[in-house]
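First the structure, in the form of structure tokens, and then the observations on it.
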Amino acid sequence: MTIIESIIQFLGQYEADRIGVEKLTSQSTAYSLMKAPQEHVEKFISGLEIHTDYYELVVRRDATSEAERISNNAWGQGIAEWISRKERTGDYPVLDGYVCTGLGISTPFALTSADSNSAVYQMTIKVVYRKEN
12 MTIIESIIQF LGQYEADRIG VEKLTSQSTA YSLMKAPQEH VEKFISGLEI HTDYYELVVR
72 RDATSEAERI SNNAWGQGIA EWISRKERTG DYPVLDGYVC TGLGISTPFA LTSADSNSAV
132 YQMTIKVVYR KEN
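With the first letter of the sequence shown counted as 1, position 52 gets the number 63 in the working numbering; the numbers rise by one all the way through.
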């Protein structure tokens, strides 16, 4: 299983709806995880590598009413708090061939675009993992 698949599976513990990879479908409620174009790798003489990768969680939800928009923000706050709890308890995604050592939110849940029926929100999830050779 790839790292992005493992993270999607992990996030599935919070959000039961399917989270896609690198494509936000046209449905009124949709979720997608996209790898951000940045990565930090620390390499050690021993062959150990510590990777910090960033993943954009993009969410489209109904937003025609004030109540829906409030609900959307509550959802964003909820998943951010859930990820923070997972970080505090060390309950990380299982990554094939790697050991996850950190998880967090590097950019908070925020509105990126809206139309008359829906809104698109985004947050950045930071994943730190170790690769040993």
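Yeah, the Cβ is synthetic: ideal placement off N, Cα and C, and Gly gets one too. The structure displayed is predicted, hence computed values, not measured ones.
> Near E26, which residues of its chain fall below 8 Å by C-beta distance, leaving aside the five closest residues on each side in sequence?
Replying inline: Y42, I90
> Just the Cα atoms here: how many angstroms apart are H62 and T100?
Replying inline: 20 Å
> Quick one: what does DSSP say F120 is sitting in, helix, strand or coil?
Replying inline: strand
> Would a C-beta distance cut-off of 7 Å place K142 and Y109 closer than the cut-off?
Replying inline: yes
> What do you get for G58, buried or exposed, if any count of 16 or more other CB atoms within 10 angstroms of its CB means buried?
Replying inline: exposed
>> I need the DSSP call for T100, collapsed to helix, strand or coil.
In response: helix
>> Which residues does DSSP list as the beta-bridge partners of V70?
In response: Y42, Y132
>> Please tell me whether R71 and V131 are closer than 7 Å, where the distance is taken between their beta carbons.
In response: yes
> Among all the DSSP beta bridges, which residues are the ones paired with V110?
Replying inline: R141
> Assuming E67 and T135 make a contact with CB atoms under 8 Å, what is their CB distance in whole Å?
Replying inline: 6 Å
> What three-state label does DSSP hand Q49 in the structure shown?
Replying inline: strand
> Is it buried or exposed for Q133, if we count other Cβ within 10 angstroms and need 16 for buried?
Replying inline: buried
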